[in-house]
Amino acid sequence: MTIDAHTLHADVSSALGGAASAPGPHELFDASLATCKALTACVFAKSRGIALERVTVEVERDDSQERQGTYVLSVKLAFEGALSDADKHKLHETVLRCPIHKLMTTSTVEIRQSLA
């Protein structure tokens, strides 16, 4: 798939008939949250002069109840650099408000599909 000037690849597992050569749709969905949190932390730190050197975001998915309407993403964050506890707390609070987190938790998403 192409997004602007970027090409992304996706696949499904061999159990679903794919080659598992790239992330699948669920992994891409989960990764959008992780990416947003990491970028939000970086932008915030830069704007505030916080010495953030690296952000690690791990997302663990529990999709066992997805068909019943519940999809749980557990996020573990690590901030590295010369950071005080206050810096880490502020970064943690800030990434709770990243745009994708808000979209996933507070918005009603409508999908309108058509044939090209």
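Going left to right, the sequence shown walks through residues 41 to 156 as the numbering used here numbers them.
Cβ coordinates follow ideal geometry from the N, Cα and C atoms, glycine included.
Exercise. Hey, would you say Thr80 sits closer than 9 Å to Val135, going by beta carbons?
Worked result: yes
Exercise. Three-state secondary structure (DSSP) at Val99?
Worked result: strand
Exercise. Quick one: what does DSSP say Ser154 is sitting in, helix, strand or coil?
Worked result: coil
Problem set entry | Run of the alpha helix (DSSP H) containing Val83, from where it starts to where it stops | 65-88
Exercise. Which residues in the same chain as Ser61 place their Cβ atom closer than 6 Å to its Cβ, once the five residues preceding and following it in sequence are excluded?
Worked result: Asp51
For this session: Tell me, please, whether the segment 124-134 touches the segment 142-154 by the rule of three or more beta-carbon pairs shorter than 8 Å.
Result: no
For this session: Classify Leu113 as helix, strand or coil using the three-state DSSP reduction.
Result: strand
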